[in-house]
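Everything below concerns the one structure shown next.
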Amino acid sequence: MKQIQTLQNVEFTYDSQNRRSPALEELLDVIQYRDLIYQLIRRDIVARYKRSVLGVFWTMLQPLGMMLVMGIVFSALFRQVEGYVAYLLSGLIAWTFFAQTTSAAIFQIVWGSTLIRRIYIPMSAFSISSIGTGLVNLVLSLIPLLIIMLAVGRPIRWTIVFIPFPILLLTAFALGVSLILSTMTVYFPDVKEMYQIVVQAWMYLTPIMYPADILPEKYRFWLLHLNPMYYMIEMFRVPIYEGVLPTADVLIPGILIALATLLVGWVYFANRADEFAYTI
Amino acid sequence: MKSVILLDNISVRYRAPEAKFGTLKEFAIQLIKQNVRYKEFLALRDINLEVKEGEILGIVGRNGAGKSTLLKVVSRVLIPTQGRVRLKGRVSPLLELGAGFHPELTGRENIFLNGTLLGHTHRELETRLDEIIEFAEMETFIDTPLRTYSSGMIARLGFSIATTWKPDILILDEVLSVGDENFRDKCRARIESFQGQGTSTLLVSHNSSNIEAMCTRAVWLDHGVMKAEGRVTEVVELYKQSQQN
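Order-wise, the sequence lines are chains A and B. Okay, so the first sequence: first residue is 23 according to the numbering used here, each after it adds one. Okay, so the second sequence: first residue is 3 according to the numbering used here, each after it adds one.
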């Protein structure tokens, strides 16, 4: 029996000409693929330590080693900073999170490019999973940080419970930057190499290893307030190292920058994502 | 029979800068000077195609004829430059060897990684895990790292993950040429049983005997244009003739 079916009667689940806004579609798809994000994070962590004896302890030993080296080199130089290693480590952990996750996101989109030429995946999953891996490392590094605090005699105050909030903002900011960088990398592979240089210079411009007041007074205000990472680092460091809550002049710009970066990054990425398969 | 895939006047135009720009700076300078000329390349040209429930459609054509591009349009990877794609149901593309696997992870861990890449949830994978392992004949090696596997083992695992759930649309790009004869027969049997349950399959193969053995209909693509469409033997014959000339 022949059945004649007009096109209107057929219910399609995908129509290339009838789609929602890219930003919304990407968000809904990524929620649907949340188990993939978990698997990608798991892969990054498991695969990294699989063959090493100490395994995940390296995540904690790495900042300790870094701090030991820098602590020895710089603590004589910055005698005015009380408990210098605690100052250094609290800033360094936040910075490492940002630098590692953004670089990993670029690496992930390059790795993922072999896949997205063949199967449909919401591509923001790669940036999000890089951030997720970074978050696991960040939380693990808090353990050596607290040990160091006690060792150098800095009291741990109640303000430590505020820490999830700056971590959340740091996450939003790093995700926004990651999405912008991954999009650029698709069009210009050189971004990957260039960013390594930028991130180095950026670290030295941010008061992490040195106290902010050593910056020349003439440029200090601009050097600090035009640098988004200054707010991110301060919000994270102050409740730990100084035991007080960050003030509004750091908090408000910090919140605005983090949310604006995430929004811009998400919309930019989602609007370009359709073209990725054409260029990669 | 219901249509599962409908392509209306599909064109895919790749656009690549004519000259290679080494750096971002160079590109930016040339862009400002309006010196960037793009070379346009039509990978697909006005393709109209309808695939019905339960069909196995073979696609033949030379390298660069647009076969893979057509598959990408159907698997939602490429949004066509022009035209409209409509699909019904779940698309399962079978990945090439090793894509989406991690060498340091075990076979079992890779099932979860690969399965979630294909859009399955963790729970779905857990409930069918034994079935996936059994079909791939991997019971003894499933907990060793993937880097110790042979390419045939990886292919078996990949096929098993992609086909444990009956898809509505199955996409096979040159994948039936891997693995041993025994496993290939198993794959064919599975594809045919899907067909009986209404799955539509798109099959690309250089090996036209594969197409003749399995497909119910064929199309011949040449330089992005659909040259012929219809009965498998006729289309394959036309394609073969064109190659001899």
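Just so you know, even glycine gets a beta-carbon here, dropped at the ideal spot from N, CA and C.
Scanning chain B for C-beta atoms nearer than 7 Å to the C-beta of L58(A) yields T118 and L119, reported in chain order. Sorting I81(B), D224(B) and I144(B) by C-alpha distance to the C-alpha of A295(A) places I81(B) at the top. DSSP places W222(B) inside the beta strand (DSSP E), whose first and last residues are R219 to D224. Interface criterion met: the Cβ of K74(B) is under 8 Å from a Cβ in chain A. Identification of chain A residues near L240(B) by a Cβ-Cβ cut-off of 8 Å yields none; the smallest Cβ-Cβ distance measures about 27 Å. K214(A) and S149(A) have their alpha carbons spaced roughly 14 Å apart. Between S152(A) and A126(A), the gap from beta carbon to beta carbon is short of 8 Å. The beta-bridge partner set that DSSP reports for S163(A) is empty. Boundaries around N293(A) are those of the alpha helix (DSSP H), A270 to T301, since no beta strand (DSSP E) includes it.
Distances from the CA of G154(B) to each of H104(B), R130(B) and M140(B) were compared; the closest alpha carbon is that of M140(B). The Cβ-Cβ distance between T83(B) and R190(B) does not fall below 8 Å. If you draw a straight line from the Cα of P44(A) to the Cα of V286(A), it is about 13 Å long. Residues of the segment 133 to 146 of chain A with a C-beta less than 8 Å from any C-beta of chain B: T136, L137, I138, R139, R140, I141, Y142 and I143, listed in chain order.
Rounded to whole angstroms, R64(A) and L59(B) show a C-alpha spacing of 38 Å.
Remark: C-beta atoms of P188(A) and M257(A) approach each other more closely than 8 Å. Here W180(A) is exposed: its Cβ has fewer than 16 other Cβ atoms, across all protein chains shown, within 10 Å. By the rule that beta-carbons nearer than 8 Å mark a contact, E106(B) touches chain A. The beta carbon of P85(A) sits closer than 7 Å to the beta carbons of L111, L114, I115, T118, S163 and P166 from its chain, once the five residues preceding and following it are set aside; these are given in chain order.
For the 8 Å CB-CB criterion, L119(B) and G160(B) do not form a contact.
Annotation note: the segment 142 to 168 of chain B contains the following uninterrupted alpha helix (DSSP H) runs of length 4 or greater, listed N- to C-terminal: 153 to 165. Contact note: E239(A) does not reach chain B at a C-beta cutoff of 9 Å; the least C-beta distance is about 34 Å. Residue environment: D37(A) is assigned as exposed (fewer than 16 neighbouring CB atoms within 10 Å of its CB, all protein chains considered). Residue pairing by DSSP places S94(B) opposite L172(B) in a beta bridge.
Assignment of E183(B) by DSSP, reduced to helix, strand and coil, places it in the helix class. DSSP links D132(B) through a beta bridge to no other residue.
With respect to chain B, the C-beta atom of Y55(A) has a partner C-beta closer than 8 Å.
According to DSSP, A230(B) shares a beta bridge with W222(B). By the beta-carbon neighbour count (other beta carbons within 10 angstroms, threshold 16), M3(B) is exposed. Between Q39(A) and E52(B), the alpha-carbon positions lie close to 17 Å from each other. Of the candidates V183(A), I141(A) and L190(A), the residue whose Cα lies closest to the Cα of G154(A) is L190(A). Going by beta carbons, V107(A) and G87(A) fall outside the 8 Å limit. The C-beta distance from I255(A) to A147(A) rounds to 28 Å, too long to meet the 8 Å contact threshold. Considering only M206(A), F184(A), I141(A) and L168(A), the residue with the shortest C-alpha distance to L174(B) is I141(A). K90(B) has a beta carbon lying within less than 8 Å of a beta carbon in chain A. Counting of Cβ neighbours within 10 angstroms places W133(A) among the exposed residues, the total staying below 16. Distances from the CA of H225(B) to each of I193(B), S5(B), L72(B) and P169(B) were compared; the closest alpha carbon is that of L72(B).
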